[in-house]
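Q:
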Amino acid sequence: MSFKVKIKNGIEIEVDDGNTILESALDQGIDFPHGCRTGNCGACKSKKISGDIEMSPYSEFALDKDEENQGLILPCRAVPWSDCEIEVLSEEHNDETEANGIEIKCLEYKVTNITKKTKDIFILDLKIGNKGSLNFKAGQYAELYIGNCKEKHFSMANSPETSNLEFHIKTLDGGEVSNYVKNKLKIGETVKVKGPYGNAYLRDRHKGPIIAIAGGTGLAPILSIIKNSQEIKMKQPINIYYGAQSEKELYCIEQFEIFSKNNKNLKFFPVVVEEPENKIVRKGFVTDAIVQDINDFDGYKAYLAGPPKMVEVAEEILITNGIRKVDIHSDAFYTPYDEIKEKK
Ligand code: FES
């Protein structure tokens, strides 16, 4: 069974039973504004004109109660149960959709390195194939097809200026892709990369201060953003906060230390919950460290990546302290484990 959904300018799509409007629109080649695809960024926000639509869980930062009461929906979480009509609020998202002009490609790369960085994080290096490289903006992500595993999203950690790709992969209990990378993936194996996707990319025209907040492998898109910001010589203050449970879980910090050595406006703060040995690492929650340091985020742009809960708390703190919602850019990734927790 499927339903018809009218989108805009007479465009109509078919949505199969149980599928979301956004996934169906993208599958049918429709240029639909989107970011996280997980109900977290608000980039796909649309107005329901008619029909019966059910929404799966989403962040209140992506769609708040007032907006919901005005009939707004998030098509990435919206499953139709009848024929419907919606209106895409694209005029409000011009900035958000800037990266949608980049052509989505599916290209083959070869594995050149698999490096274990912490007890459960691997860095995967891929070499460009003969069909060219992926164009993307710093902070975006791609779908990786590894072995015979189901495709999975990972952020590029390299700068868009380099053609080889770097991904950070955390092994999860029952994680098909991550366990394949850990146990089976071989140097020289082909990996298909489809993308780019995502709206949490570096706004290089922004001249105000920047705060970047990462947790876990959310460090990958933040690394890409910071590398690119330094290549294009962005001059404003940039504060980077990187949170983990313990010092052993921090990785790639030497790269950020080099950035801060070379740019006095760039400051890097690793923060861990358990007592650290290294003096430059702060103790506590990353979100607490942020409010200890900065109490007014007016004029800032924020880039957030990491576990959904951390992203939500950080967004709340930033908004309470004066940042505009449109200046927060995040593509939090929901692992299957996180999704189960969110639904409880
Ligand atoms: S909230 Fe729908 S794409 Fe992010």
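Add 17 to the 1-based position in the sequence shown for our numbering, that's all there is to it. Positions of the beta carbon are idealized from the N, C-alpha and C atoms, including for glycine. Remember, it's a predicted structure, so these values are computed and weren't measured experimentally.
Please go through the stretch 207-289 and give each complete beta strand (DSSP E) segment of 3 or more residues, from N-terminal end onward.
A: Entirely contained in the stretch 207-289, the beta strand (DSSP E) runs reaching 3 residues are, in chain order, 207-214, 227-232, 255-261, 283-289.
Q: Would you mind stating whether Phe314 and Gly339 have Cβ atoms separated by less than 7 Å?
A: Yes, the Cβ-Cβ distance between Phe314 and Gly339 is below 7 Å.
Q: With a 10 Å radius around its C-beta and 16 neighbouring C-beta atoms as the bar for buried, classify Arg54 as buried or exposed.
A: Buried.
Q: Leaving out the 5 sequence neighbours to the left and right, which residues in its chain are closer than 7 Å to Gln247 when beta-carbon positions are compared?
A: Cβ neighbours of Gln247 beyond the five flanking positions: Phe276, Asn280.
Q: From Ser67 to Pro97, what distance separates their C-alpha atoms?
A: Approximately 11 Å, taken between the alpha carbons.
Q: Just grab the DSSP bridge partners of Ser172 for me.
A: According to DSSP, which records beta bridges pairwise, Ser172 is partnered with Tyr158.
Q: Grouping DSSP H, G and I as helix and E and B as strand, with all else coil, what is His110?
A: At His110 the pLDDT is 46, less than 50, meaning the model places this residue with poor confidence; the figure from the coordinates comes in the next sentence. It is helical.
Q: So if DSSP puts Met72 in a beta bridge, which residue, or which two residues, is it bridged to?
A: Per DSSP, Ala95.
Q: Tell me whether the stretch 136-153 and the stretch 71-79 touch, counting them as touching only if at least three CB pairs, one residue from each stretch, are closer than 8 Å.
A: Result no; under three Cβ-Cβ pairs closer than 8 Å.
Q: For the beta strand (DSSP E) containing Glu329, list its first residue and its last residue.
A: Per DSSP, Glu329 belongs to no beta strand (DSSP E); it is in the alpha helix (DSSP H), 325-337.
Q: Taking only three categories from DSSP, how would you classify Glu104?
A: If DSSP states are grouped into helix, strand and coil, Glu104 belongs with the strands.
Q: Ignore the nearest five residues each way along the sequence and tell me which others in Asp34's own chain have a CB closer than 7 Å to its CB.
A: Hits under 7 Å: Met18, Ser19.
Q: Using alpha carbons as the reference points, say which of Tyr126, Cys166, Gly323, Gly156 lies closest to Glu178.
A: Glu178 has its Cα closest to that of Gly156, out of Tyr126, Cys166, Gly323, Gly156.
Q: So does Leu2 have its beta carbon nearer than 6 Å to some heavy atom of the ligand FES?
A: The question about residue 2 has no answer, for the chain in this structure spans 18 to 361.
Q: Rounded to a whole number of angstroms, what is the C-alpha to C-alpha distance between Ile228 and Asp190?
A: One C-alpha to the other measures close to 32 Å.
Q: Using 8 Å as the threshold, is the stretch 161-169 in touch with the stretch 202-210, meaning 3 or more CB pairs across them?
A: Verdict: yes, contact present.
Q: Is it the case that the CB of His51 approaches a heavy atom of the ligand FES more closely than 6 Å?
A: His51: yes, Cβ under 6 Å from the ligand FES.
Q: Distance, Cα to Cα, Cys269 vs Lys284?
A: So the alpha carbons of these two residues sit roughly 15 Å apart.
Q: Express the C-alpha separation of Leu151 and Val308 in angstroms, rounding to a whole number.
A: Computed Cα separation, rounded: 37 Å.
Q: Taking the C-alpha atoms as reference points, what is the distance between Thr234 and Pro287?
A: Those two C-alpha atoms are separated by around 14 Å.
Q: Based on Cα-Cα distance, which residue from Gly146, Ile119, Ile121, Glu120 lies nearest to Val128?
A: It is Gly146 whose Cα lies nearest to the Cα of Val128.
Q: Evaluate contact between the stretch 217-225 and the stretch 340-348, counting only Cβ atoms and requiring at least three cross-stretch pairs below 8 Å.
A: With a cut-off of 8 Å, the stretch 340-348 and the stretch 217-225 count as touching, because enough Cβ pairs lie within range.
Q: Report the three-state DSSP secondary structure of Glu125 (helix, strand or coil).
A: Strand at Glu125.
Q: If you follow the beta strand (DSSP E) that Lys366 is part of, which residue opens it and which one closes it?
A: In this structure the chain extends from 18 to 361, so residue 366 is not present and cannot be described.
Q: Please indicate yes or no: does the CB of Arg299 lie closer than 6 Å to some heavy atom of the ligand FES?
A: Flag unset: Cβ of Arg299 not near the ligand FES.
Q: Of the choices Ser241, Lys148, Gly192, Pro226, whose alpha-carbon is the least far from that of Phe184?
A: Closest option to Phe184, Cα to Cα, is Ser241.
Q: Are the CB atoms of Glu104 and Lys62 within a distance shorter than 7 Å?
A: It is not a contact, given that the beta carbons lie outside the stated cut-off.
Q: Going by the beta-carbon positions, is the gap between Cys93 and Gly59 smaller than 7 Å?
A: No, Cβ-Cβ distance for Cys93 and Gly59 is not below 7 Å.
Q: Would you identify the three-state DSSP class for Ala306, choosing helix, strand or coil?
A: DSSP places Ala306 in helix when its eight states are reduced to three.
Q: I think Leu41 touches Glu31, with their Cβ atoms under 8 Å apart; what is that distance to the nearest whole Å?
A: One detail in the question is off: residue 41 reads as Ser in this sequence, not Leu. Between Glu31 and Ser41 the Cβ distance is about 7 Å, and since that is below 8 Å, they are a contact.
Q: Examine the ligand FES and report whether any of its heavy atoms sits within less than 6 Å of the Cβ of Gly212.
A: No, the beta carbon of Gly212 sits no closer than 6 Å to any heavy atom of the ligand FES.
Q: Does the distance from the CB of Ile119 to the CB of Thr132 come in under 7 Å?
A: It is not a contact, given that the beta carbons lie outside the stated cut-off.
Q: Have a look at Asn282, Glu271, Glu291, Phe273 and flag the residue whose alpha-carbon is nearest the alpha-carbon of Glu264.
A: The option with the nearest alpha carbon to Glu264 is Glu291.
Q: Assuming Ala322 is part of the beta strand (DSSP E), what are its boundary residues?
A: Its beta strand (DSSP E) spans residues 318-322.
Q: Report the three-state DSSP secondary structure of Asp137 (helix, strand or coil).
A: If DSSP states are grouped into helix, strand and coil, Asp137 belongs with coil.
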